[in-house]
Amino acid sequence: MENPRIEIDLDKIRHNTREIVKACSNLNIGITGVTKVFCGDVRIAMAMVEGGVKHLADSRIENILKLKDIDIPKILLRLPMLSEISEVVRYADCSLNSEYGTIYALSQESVRQDKIHKVILMIDLGDLREGIWYENALTVVEDILKLRGIELYGIGTNLTCYGGVIPSFKNLSILSAMAEDIRNKHGIELPIVSGGNSSSLYLIFNGIIPKGINNLRIGEAILLGRETAFGKKITNLYDDAFTISSEIIEIKEKPSIPIGEIGKDAFGNTPKFTDWGVRRRAIVAIGRQDIDWQGMSPIDEGVIIVGASSDHLIIDITKSQKTYKLGDELNFKMSYSCLLQSMTSGYVKKIIHQEKV
Ligand SMILES: *Cc1c(COP(=O)(O)O)cnc(C)c1O
Numbered sequence: 012m013e014n015p016r017i018e019i020d021l022d023k024i025r026h027n028t029r030e031i032v033k034a035c036s037n038l039n040i041g042i043t044g045v046t047k048v049f050c051g052d053v054r055i056a057m058a059m060v061e062g063g064v065k066h067l068a069d070s071r072i073e074n075i076l077k078l079k080d081i082d083i084p085k086i087l088l089r090l091p092m093l094s095e096i097s098e099v100v101r102y103a104d105c106s107l108n109s110e111y112g113t114i115y116a117l118s119q120e121s122v123r124q125d126k127i128h129k130v131i132l133m134i135d136l137g138d139l140r141e142g143i144w145y146e147n148a149l150t151v152v153e154d155i156l157k158l159r160g161i162e163l164y165g166i167g168t169n170l171t172c173y174g175g176v177i178p179s180f181k182n183l184s185i186l187s188a189m190a191e192d193i194r195n196k197h198g199i200e201l202p203i204v205s206g207g208n209s210s211s212l213y214l215i216f217n218g219i220i221p222k223g224i225n226n227l228r229i230g231e232a233i234l235l236g237r238e239t240a241f242g243k244k245i246t247n248l249y250d251d252a253f254t255i256s257s258e259i260i261e262i263k264e265k266p267s268i269p270i271g272e273i274g275k276d277a278f279g280n281t282p283k284f285t286d287w288g289v290r291r292r293a294i295v296a297i298g299r300q301d302i303d304w305q306g307m308s309p310i311d312e313g314v315i316i317v318g319a320s321s322d323h324l325i326i327d328i329t330k331s332q333k334t335y336k337l338g339d340e341l342n343f344k345m346s347y348s349c350l351l352q353s354m355t356s357g358y359v360k361k362i363i364h365q366e367k368v
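Residue numbers for the sequence shown follow our numbering, so the first one is 12 and each next one is one higher.
Below, the structure written as C-alpha cells:
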C-alpha cells in the first residue's frame, strides 16, 4: 500500500455519530456535524449524516461547496469575510456572525439572490475568540431584526478554543437566559441556542447542561472519540476511526546523543538530549510536512517517538516486542492537531473504508 496514508473507517464514524446524537437527543439537543478537520470530504460527511446529525458545518466556504449535493442544511462556522459574502449566501444556509457590518452585507446579498440567509449571533462568554461580549449583546438584535433577507436563527457561543475557558452550567446558563430574553422581547422563535463544541459534551454526560441549550457543533468527539474539556475518551466510542501509517526507510543502532557541537535544528530550536546509551532506532517516511509529530501515538506501545524533521520521523524501537525490518509499516493514532495537518497535507493518501451502512 502507498505511504504515508490515512485509513478512515466510516463505520466507526457512523457509530460515534449515532452514540453522540443519541445521548443528546434525550435532552432535545441536536447535533451539527463539523467537517473542517477532514476538509469537507463528502463520504465522511455522509457518514455523519447517516449517524443522525441535523446540519453540517465547516469553517471554509470551499468545503461547504463540496457538500452541496448532500441534502441537509449547511452552516458556515468561521465569521464570513466581506470578500466572500456572495458565495456564503449562495452555498451556506446559515452562518455564524458577530459583526453587524457583515450581517448587513449578507442582507443586501440575500435580497439580490432572492434568498433568506440564516444568522446565528455569536456571544463571547469569556473565551475571547469570536462573539459579541455577553454584556453588550442584546442591543444589536433589534438592528438585525430590521434587515431584509436575514433570519435571526439563533445565538451561540464558542468556548475552549482560544482562552481555554471550559463550558459550565454557569456560563451556558447566561446564553440560555439571553435566548429567552430575545424571544420575549421581540416575539421571535429563535430556534437555535448553540452551546459550543466537543468541550460541552461532558455537561451532557454529567447531566448538568442548562435547559434551553438545544444544539452543539461537534467535530473532534465524533472523529476521535474524545471530549475536549478534559481530553477524556468517551466510553463506547472509537478513538481509531482515523489511523496514519508509513514505512521504515532506515534501521540502525545509534547512540542517543549526537556527536559534535550542538547548534540549532532545522526549525531553529536547540535540541536537548538524554543519554540512554546505544539504541535501536528507525526512520519512518513521514514528517512535519505531513503531521504534527507530537500528536502521534504509536499503536505498538513499545515504540517511542524521538523527533521529526520535515520528511522524517525518528523512532526508538529498542523496547518493541516486534522485530522490525526495512519496509515494515508503523501505525499511529492521532491528536486533533495531527489529524488536521495530515488530512490537509497533499502528500498523505486518504484511504476510505466504506463498510455496510
Ligand atoms: C471547529 C469548530 C467547532 C467544532 O469543534 P470540535 O472541538 O471539533 O467539536 C465548533 N464551532 C466552531 C465555531 C468551530 O470553529
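Even for Gly, the Cβ is constructed at its ideal location relative to N, Cα and C.
- Per DSSP, the beta-bridge partners of Pro309 are Phe343.
- By alpha-carbon distance to Gly142, the top candidate from Thr150, Asn342, Tyr102 and Leu132 is Leu132.
- For Arg29, no beta strand (DSSP E) run applies; the uninterrupted alpha helix (DSSP H) run containing it begins and ends at Leu21 to Ser36, by DSSP.
- Under the DSSP definition of a beta bridge, Ile42 partners with Leu227.
- Asn226 has its CB no nearer than 7 Å to any heavy atom of ligand 1.
- Apart from the 5 residues on each side of it in sequence, Asp20 sits with its Cβ closer than 6 Å to the Cβ of Ala252 and His364 in its chain, given in chain order.
- For Lys360, the three-state secondary structure derived from DSSP is strand.
- The distance from the Cβ of Ile134 to that of Ile177 is about 16 Å, inconsistent with a contact at the 8 Å cut-off.
- Excluding five sequence positions before and after Ile220, the CB atoms of its chain that fall closer than 8 Å to its own CB belong to Leu38, Ile40, Phe180, Leu183, Gly206, Ser211 and Leu214, given in chain order.
- Contact between Phe343 and Ile310 holds: their C-beta atoms lie close to 6 Å from each other, under 8 Å.
- Taken in chain order, the complete alpha helix (DSSP H) segments of 4 or more residues contained in the segment 188-232 are 212-216.
- Secondary structure note for Leu149: it is in no beta strand (DSSP E), and the uninterrupted alpha helix (DSSP H) holding it is Leu149 to Leu156.
- Burial is judged here by how many other beta carbons sit within 10 angstroms of a residue's own beta carbon; Thr168 has at least 16 and is buried.
- Restricting attention to Trp144, Ile161 and Ile260, the CA atom closest to the CA of Ala116 is found in Ile161.
- Under the DSSP definition of a beta bridge, Gly167 partners with Met133 and Ser205.
- Exposed is the label assigned to Gln332, since fewer than 16 other Cβ atoms lie within 10 Å of its Cβ.
- In terms of CA proximity to Ile55, His26 leads the group Thr113, Glu30, His26 and Ser109.
- With a cutoff of 7 Å, Asn108 does not count as near ligand 1, since its C-beta is closer than that to no heavy atom of the ligand.
- Looking at the DSSP output, Ser331 bridges to nothing.
- Three or more Cβ pairs drawn from the segment 286-297 and the segment 315-330 lie within less than 8 Å of each other, which places the two stretches in contact.
- Under the DSSP assignment, Thr281 falls outside any beta strand (DSSP E); it carries neither an H nor an E label.
- Taking a contact as a CB-CB distance under 8 Å, the pair Leu163 and Ile199 counts as one, their CB atoms being some 6 Å apart.
- Annotated as proximal: Val53 and Leu78, with beta-carbon spacing under 8 Å.
- Cβ neighbours of Ala232 within its own chain (closer than 8 Å, five residues either side excluded): Asn27, Ile31, Ser209, Leu212, Glu238, Thr239, Ile245 and Leu248.
- The way I'd put it, the segment 346-365 doesn't touch the segment 268-283; fewer than three beta-carbon pairs between them come closer than 8 Å.
- DSSP links Ile315 through a beta bridge to Asp327.
- Closest in C-alpha terms to Val152, from the list Lys126, Leu136, Arg194 and Leu324, comes Arg194.
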